[in-house]
Amino acid sequence: MNFRTTLTYLQRIIISLLFLIYLSCEIQAEKIKPGTYRDLTKALKNPLDVRVLNLSSQKLTTLPKEIKQLQNLKSLDLANNQFKTLPKEIGQLQNLQELNLWNNQLKNLPKEIGQLQNLQTLILSVNRLTTFPQEIGQLKNLQKLNLDYNQLTTLLQEIGQLKNLQKLNLELVPKPIYRTF
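Mapped onto my numbering, the consecutive letters of the sequence shown carry residue numbers 12 to 192.
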């Protein structure tokens, strides 16, 4: 074996070791954060313990009605999946503060979304939304609303009722939407 080949093997071993260390840290980080889950089945076994549920990038197409059991859930990350609809039970997550639905296939939202009185952040970017329910105006604590890369052509007047809204993102939506302000 020549020096160059030995060096290449050593580099691969070092990279592999670094990757294993990284994975170990990730696993430890999940253990450190009680109430954080990445598996819905496990979360539903301990519904009242769940504070953060990250189901991003799992190729999910449906969310079960049992989601309503997660009464202490504060953050729900459903980004980068294949949801076309959400169950109306999503509205029963009364403690939810952050809902991330980035990069799905949603065309509309259930009107029950307006029942999420503690919601502060709603990320709907990169979907197929053409409209959303009037009940969106009931989200009195909403501070951040991302609607980038959707197919919205109008915005509801109810957006104006969101008195705590600090950030509204509308990047790359059809031009007629700006005429509704």
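We put the CB at the ideal spot given by N, CA and C, even for glycine.
Asn119 has its alpha-carbon roughly 20 Å from the corresponding atom of Leu66.
Non-local beta-carbon contacts of Lys95 in its own chain, meaning distances under 8 Å to residues more than five positions away in sequence, involve Thr72, Asn115, Gln116, Leu117, Lys118 in chain order. Per the C-alpha coordinates, the member of Ile26, Leu97, Leu167, Asn111 positioned closest to Ser68 is Asn111.
Less than 9 Å separates the beta-carbon of Arg139 from that of Asn161. Beyond the five residues adjoining it in sequence on each side, Lys99 comes within less than 6 Å, by CB distance, of Pro121, Glu123 in the same chain, given in chain order. Taking Leu153 as the centre and dropping the five residues before and after it, the same chain places the C-beta of Leu130, Gln131, Leu133, Leu173, Asn175, Leu176 closer than 7 Å to its C-beta, in chain order. Annotation for Gly46: Asp60, Val61, Arg62, Val63 place their beta carbon closer than 7 Å to its own, counting only its chain and skipping 5 residues before and after.
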